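Enquirer: Sharing a structure with you now.
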Amino acid sequence: MRILYYDIDTLRADHLGCYGYCRDTSPHIDRIASEGVRFDNCYASDTPCLPSRASLFTGRFGIHTGIVNHGGTAADLRLHGPERGFRHGAARNSWVAALRQAGFYTVSVSPYAERHSAWWFYHGWREMYNPGKGGAEIASEVLPYAMQWLDNHATEDNWFLHVNVWDPHTPYRTPLEYGNPFEDSPPPSWYTEEIRRKHYEGYGPHSAREPWGWRKREMPPRMPEEIGSLEDYKKWIDGYDTGIKYMDDHIGQILDALAHKGVLDETAIIISADHGENQGELNIYGDHHTADHPTCRVPLIIKWPGLPGGWVNRGLHYQLDMAATVIELLGGKVPERWDGRSFAEALRKKEDGGREYLVISQCAWSCQRGVRYKEWLMIRTYHDGYHDFPPYMLFDIEKDPHELKNLADERPEVVNECAKLLEEWHAEMMETSDSQVDPLWTVIREGGPFHVRGRLREYCEYLRQTGRARHAEALERRHRSEL
Numbered sequence: 012m013r014i015l016y017y018d019i020d021t022l023r024a025d026h027l028g029c030y031g032y033c034r035d036t037s038p039h040i041d042r043i044a045s046e047g048v049r050f051d052n053c054y055a056s057d058t059p060c061l062p063s064r065a066s067l068f069t070g071r072f073g074i075h076t077g078i079v080n081h082g083g084t085a086a087d088l089r090l091h092g093p094e095r096g097f098r099h100g101a102a103r104n105s106w107v108a109a110l111r112q113a114g115f116y117t118v119s120v121s122p123y124a125e126r127h128s129a130w131w132f133y134h135g136w137r138e139m140y141n142p143g144k145g146g147a148e149i150a151s152e153v154l155p156y157a158m159q160w161l162d163n164h165a166t167e168d169n170w171f172l173h174v175n176v177w178d179p180h181t182p183y184r185t186p187l188e189y190g191n192p193f194e195d196s197p198p199p200s201w202y203t204e205e206i207r208r209k210h211y212e213g214y215g216p217h218s219a220r221e222p223w224g225w226r227k228r229e230m231p232p233r234m235p236e237e238i239g240s241l242e243d244y245k246k247w248i249d250g251y252d253t254g255i256k257y258m259d260d261h262i263g264q265i266l267d268a269l270a271h272k273g274v275l276d277e278t279a280i281i282i283s284a285d286h287g288e289n290q291g292e293l294n295i296y297g298d299h300h301t302a303d304h305p306t307c308r309v310p311l312i313i314k315w316p317g318l319p320g321g322w323v324n325r326g327l328h329y330q331l332d333m334a335a336t337v338i339e340l341l342g343g344k345v346p347e348r349w350d351g352r353s354f355a356e357a358l359r360k361k362e363d364g365g366r367e368y369l370v371i372s373q374c375a376w377s378c379q380r381g382v383r384y385k386e387w388l389m390i391r392t393y394h395d396g397y398h399d400f401p402p403y404m405l406f407d408i409e410k411d412p413h414e415l416k417n418l419a420d421e422r423p424e425v426v427n428e429c430a431k432l433l434e435e436w437h438a439e440m441m442e443t444s445d446s447q448v449d450p451l452w453t454v455i456r457e458g459g460p461f462h463v464r465g466r467l468r469e470y471c472e473y474l475r476q477t478g479r480a481r482h483a484e485a486l487e488r489r490h491r492s493e494l
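If you want the numbering used here, it's the 1-based position in the sequence shown plus 11.
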């Protein structure tokens, strides 16, 4: 068995053709999806970047690992404690260490550990290649490491190759000579001039008036300074989609290399992302600030030799369930401490095998927890990250995937049911935790989410300079303790 895990930073599922997107962004990924299983409702338990991969690679939710933020105490893995031995035992295996225990040679091509000072990420790899730009790499700078390794080792057995590309992440930096494949393609039709105008008069980091932050800087050529028109929105989305197309071209090269070596059909292929991206939803552009559908839902595609392919799994799954599933499919043992649950048997039977509900979390840009239940997404906001978020939001994700209408006041019984599920989950998590501390509250007590912490005065001054004094006053009232 050989396994390729193509790990794409900041990729929302609904911008891939196989998920129904209106643009041809992903022909190579679409081909893999047509031969494998596409998961429609897979969510990262903890977002964005650092917490997401921490949960996936440790098999545990952020409330258990302690990693929920991008800085401060809650950006580091909790220490094992006085009972730690010379090295961690199998009970504390990471995903990669569990793969090694199952007999696999593990290789990673990724700058992630350096980008986030995530020392724990090195656990279990036999080889690691860091392209060296801390996440600013484009696919053509990542791919040579993977291609060289495959050229030397593709025909060997029992390897796991992790290839991490970053092209959909801002700043959109696909080389200009690549052109704009979507110059003549309209952007997604849900976004209207009415929405744009409302957002432009609103506020929040990475909102329509300041999609790249409120500090003046030279914008990359594929990104407008603001979403001041529908043409600006199209340019913004073109930049994002071009990055997706560029990284898809490069997975095509890997697939060609595997085919040339004669092992493509014998190789399991997993394609996913660390998190999605808001592209106008909740007045956030090109960033990942929320515990919501666009940010936490991730694509997941699995093509596995010997398992039924060509179908869609619609169950509710955490991404870390995928890690547990891979271990079980390989005949390995899933550590008991893991929060991830294997759905291997459901894959064998071509069944959804999902959970009753999911709890998704965000603490780097705002502090939120969301409950995904039936057709609903309820979002509980503890710190708004300087956005105009009420304490509770409720969306019918099946009818309103872009979160345009908050139904919390109209459907209080659904809010109450989701709040009950959130409390049930929280009680279970704290009961099974190694710590008495919920790291969400650590973030709040240390001054709030890392990306806005200590910046209230600066942002309110910017709001006043841009004619939005009423919004500055509203923020100052809500966050008196931060002044």
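Even glycine gets a Cβ: it sits at the ideal position worked out from N, Cα and C. Note that the structure is predicted; figures quoted are calculated from it, not measured.
Which residue marks the beginning of the beta strand (DSSP E) containing Ser56, and which one marks its end?
Expert: Premise fails: Ser56 is in no beta strand (DSSP E) and is neither H nor E.
Enquirer: Pairs of beta-carbons, one from the region 68-79 and one from the region 309-318, closer than 8 angstroms: are there three or more?
Expert: Too few Cβ pairs lie closer than 8 angstroms, so no.
Enquirer: Below 8 angstroms on the Cβ atoms is my guess for Trp247 versus Met258; work out the distance and round it to an integer in Å.
Expert: Their Cβ separation, rounded to whole angstroms, is 18 angstroms, which puts Trp247 and Met258 out of contact at 8 angstroms.
Enquirer: Among Gln447, Gln476 and Leu486, which residue has its Cα nearest to the Cα of Val463?
Expert: Of the candidates Gln447, Gln476 and Leu486, the one whose C-alpha sits nearest the C-alpha of Val463 is Leu486.
Enquirer: Can the beta-carbon of Asn175 be found closer than 8 angstroms to that of Val120?
Expert: Yes; because the gap between Cβ atoms is below 8 angstroms, this pair is in contact.
Enquirer: Based on DSSP bridge pairs, tell me the residues matched to Glu138.
Expert: DSSP, once it has assigned bridges, lists Val118 as partnering Glu138.
Enquirer: Counting only the same chain and skipping the five closest in sequence on each side, list residues whose C-beta sits under 7 angstroms from that of Trp177.
Expert: Here the set comprises Asp20, Gly146 and Glu148.
Enquirer: From which residue to which residue does the alpha helix (DSSP H) around Ile265 run?
Expert: Where Ile265 is concerned, the enclosing alpha helix (DSSP H) stretches over Leu241 to His271.
Enquirer: Are the CB atoms of Pro231 and Tyr296 within a distance shorter than 8 angstroms?
Expert: Going by C-beta atoms, Tyr296 is not nearer than 8 angstroms to Pro231.
Enquirer: At 4 residues or longer, what runs of the alpha helix (DSSP H) sit wholly inside the region 182-213?
Expert: Segments of the alpha helix (DSSP H) lying fully in the region 182-213: 204-211.
Enquirer: Rounded to whole angstroms, what is the Cα-Cα separation between Ala124 and Ala109?
Expert: So the alpha carbons of these two residues sit roughly 19 angstroms apart.
Enquirer: Enumerate in chain order the residues of its own chain whose CB-to-CB distance from Val107 is below 7 angstroms, with the five nearest sequence positions on each side excluded.
Expert: Contacts found: Phe68, Thr117, His134, Gly135 and Trp136.
Enquirer: Around the Cβ of Ser353, are there at least 16 other Cβ atoms within 10 angstroms (buried) or fewer (exposed)?
Expert: Ser353 is buried by the Cβ-count criterion.
Enquirer: Only counting runs of 3 or more residues, tell me where the beta strand (DSSP E) segments fall wholly within the region 344-426, in order along the chain.
Expert: You should have 368-373, 378-384, 387-394 and 403-407.
Enquirer: Assuming contact is defined by CB atoms lying nearer than 8 angstroms, are Ala302 and Ile371 in contact in what I supplied?
Expert: Result yes, Cβ atoms of Ala302 and Ile371 sit closer than 8 angstroms.
Enquirer: Are Ala24 and Tyr30 close, meaning C-beta to C-beta below 8 angstroms?
Expert: Closer than 8 angstroms, so yes.
Enquirer: Expressed to the nearest angstrom, what Euclidean distance is found between the alpha-carbon atoms of Phe193 and Asp249?
Expert: Rounded to the nearest angstrom, the two C-alpha atoms are 6 angstroms apart.
Enquirer: Suppose contacts are defined by Cβ-Cβ distances below 8 angstroms. Is Ser446 in contact with Gly77 by that definition?
Expert: Closer than 8 angstroms, so yes.
Enquirer: What does a CB cutoff of less than 8 angstroms around Cys378 pick up in its chain, not counting 5 residues either side in sequence?
Expert: The answer, listed in chain order, is Thr392, Tyr393, His394, Gly396, Leu451, Val454, Ile455, Gly459 and Pro460.
Enquirer: Please classify Asn163 as buried or exposed, where buried requires at least 16 other C-beta atoms within 10 Å of its C-beta.
Expert: Exposed: under 16 other Cβ atoms inside 10 Å.
Enquirer: Residue range of the alpha helix (DSSP H) that Tyr156 falls in?
Expert: Per DSSP, Tyr156 belongs to the alpha helix (DSSP H) from Ala150 to His164.
Enquirer: Out of curiosity, what's the CA-to-CA distance linking Ala483 and His413?
Expert: Roughly 26 angstroms between the two C-alpha positions.
Enquirer: For Glu242 and Asn191, I'd like the C-alpha separation in whole angstroms.
Expert: Computed Cα separation, rounded: 14 angstroms.
Enquirer: Taking the beta carbon of Val48 as the centre, do at least 16 other beta carbons fall within 10 Å, making it buried, or is it exposed?
Expert: Val48 is buried by the Cβ-count criterion.
Enquirer: Could you check whether Leu494 and Arg468 sit closer than 8 angstroms to each other, using their CB atoms as the reference points?
Expert: Closer than 8 angstroms, so yes.
Enquirer: Taking 8 angstroms as the threshold (beta carbon to beta carbon), is Tyr32 in contact with chain C?
Expert: Absent here is chain C; the protein component of the structure consists of one chain.
Enquirer: Please determine, among Glu46, Pro186, Leu266 and His26, the residue with the shortest C-alpha to C-alpha distance to Gly317.
Expert: Checking every option, the nearest Cα to that of Gly317 belongs to Glu46.
Enquirer: Based on the DSSP output, what are the partners of His328 in its beta bridges?
Expert: Its beta-bridge partners are Cys53.
Enquirer: Please name the residue in Met158, Arg380, Leu358 and Pro155 whose C-alpha comes closest to that of His300.
Expert: It is Arg380.
Enquirer: Contact check, Gln373 vs Thr58 under 8 angstroms by CB: the rounded distance?
Expert: Confirmed, Cβ separation roughly 5 angstroms.
Enquirer: Can you tell me where the beta strand (DSSP E) with Tyr17 in it begins and where it stops?
Expert: Taken as a continuous stretch (DSSP letters only), the beta strand (DSSP E) holding Tyr17 covers Arg13 to Ile19.
Enquirer: Under the DSSP definition of a beta bridge, which residues are partnered with Gly224?
Expert: Looking at the DSSP assignment, Gly224 forms a beta bridge with Pro222.
Enquirer: In terms of residues, what are the limits of the alpha helix (DSSP H) holding Gly73?
Expert: It spans Gly73 to Thr76 - the alpha helix (DSSP H) in which Gly73 sits, taken as one unbroken run.
Enquirer: From Glu277 to Tyr202, what distance separates their C-alpha atoms?
Expert: The alpha-carbon atoms of Glu277 and Tyr202 are separated by roughly 42 angstroms.
Enquirer: Check the DSSP bridge columns for Asn289 and list the partner residues they point to.
Expert: Bridge partners of Asn289: Asp298.
Enquirer: On a Cα-Cα basis, can you pick out the residue from Met12, Asn52 and Val79 that is closest to Ala375?
Expert: Nearest of Met12, Asn52 and Val79 to Ala375, Cα basis: Val79.
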